[in-house]
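Residue numbers (this note's numbering): 6 to 210.
Below, the structure is given as structure tokens:
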């Protein structure tokens, strides 16, 4: 793939605090991405809320922001730095979710920032359980019987229709957070509550 010479500066979104299912592998990936971009003569700006990382070392990025991973922080950076593109794939689920939120608020478009490494449609199709299920159906891949639930009542109705055992998978989560197998009806309520709470969109499959 030829180099895109229009990109002179890139914002890398970090993964924030180390949590179960999202740890030092993203710090390593982000650091390597930053160094590779700098080798190509591209200015690198990094945002991360976790100071205990390699990628927030001043030798990794040209500009490092230790700020909360929020849309407000993103906009602050874009006001202070001339950013051509954002790379959200080095920060795991946290960075992907922030990228989507910023896109929904029109921040990338407002500042003329390209999303590289992935696009919003791809994130939506892979993170949204129903969208991914429909994609598999469209291309002829067999999938298990499933239903989407956005509330406790919808989840109870789905379980009644599908039966046990079943699997609960929250949307927009990483590392199996909130997911689980439910073999008995008496274990379902607690598992459903965990799944709905784990999903930032309060949606489970």
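Even glycine gets a Cβ: it sits at the ideal position worked out from N, Cα and C.
Cβ-Cβ separation, residue j to residue i (assumed contact under 8 Å), whole Å
i           : j           : result
residue 74  : residue 103 : 5 Å
residue 170 : residue 203 : 20 Å between Cβ atoms; not a contact.
residue 14  : residue 86  : 7 Å
residue 18  : residue 47  : Wrong, their Cβ atoms sit about 16 Å apart, outside the cutoff.
residue 123 : residue 94  : 5 Å
residue 125 : residue 108 : 5 Å
Coil, strand or helix - residue i by DSSP
i           : result
residue 102 : helix
residue 48  : strand
residue 186 : strand
residue 41  : helix
residue 70  : strand
residue 142 : helix
residue 136 : helix
Limits of the unbroken alpha helix (DSSP H) element including residue i
i           : result
residue 14  : It is not in any alpha helix (DSSP H) - residue 14 instead sits in the beta strand (DSSP E) that spans 14–18.
residue 128 : 125–132
residue 196 : 193–203
residue 208 : Element bounds for residue 208: n/a, residue is neither H nor E.
residue 115 : 112–115
Cβ-based neighbour list, residue i, same chain, cut-off 8 Å, excluding 5 preceding and 5 following
i           : result
residue 118 : 16, 83, 88, 89, 90, 91 and 112
residue 259 : This structure gives no information on residue 259, because the portion of the chain shown stretches from 6 to 210.
residue 110 : 76
residue 138 : 148, 151 and 210
Candidates the options: closest to residue i by CA position
i           : options               : result
residue 49  : 56, 57 and 62         : 62
residue 184 : 122, 147 and 210      : 210
residue 60  : 98, 12 and 37         : 37
residue 57  : 81, 20, 127 and 165   : 20
residue 55  : 22, 46 and 138        : 22
residue 212 : 182, 81 and 205       : This structure does not reach residue 212, given that the chain is present from 6 up to 210, and the question cannot be answered.
residue 164 : 177, 178, 129 and 187 : 187
residue 162 : 121, 197 and 181      : 197
residue 42  : 65, 32, 30 and 31     : 65
residue 4   : 181, 182, 205 and 158 : The displayed coordinates of the chain run from 6 to 210. Any statement about residue 4 would go beyond what the structure contains.
Cutoff 7 Å; reference residue i; Cβ partners in own chain excluding five residues on either side
i           : result
residue 167 : 150 and 152
residue 67  : 48, 49 and 50
The beta strand (DSSP E) enclosing residue i, as first and last residue numbers
i           : result
residue 83  : Residue 83 -> not in any beta strand (DSSP E); alpha helix (DSSP H) instead, spanning 76–85.
residue 158 : No beta strand (DSSP E) contains residue 158, which is instead part of the alpha helix (DSSP H) from 157–167.
residue 173 : 171–173
residue 154 : Run containing residue 154: none; DSSP gives neither H nor E here.
residue 90  : 90–92
Spatial neighbours of residue i in its chain, beta-carbon cut-off 6 Å, leaving aside the 5 residues before and after
i           : result
residue 106 : 76
residue 172 : 186
residue 160 : 154 and 197
residue 70  : 52 and 82
residue 101 : 93 and 128
residue 134 : 174, 176 and 210
Cutoff 9 Å: residue i Cβ touching any chain B Cβ
i           : result
residue 153 : No chain B appears in this structure, which consists of one protein chain only.
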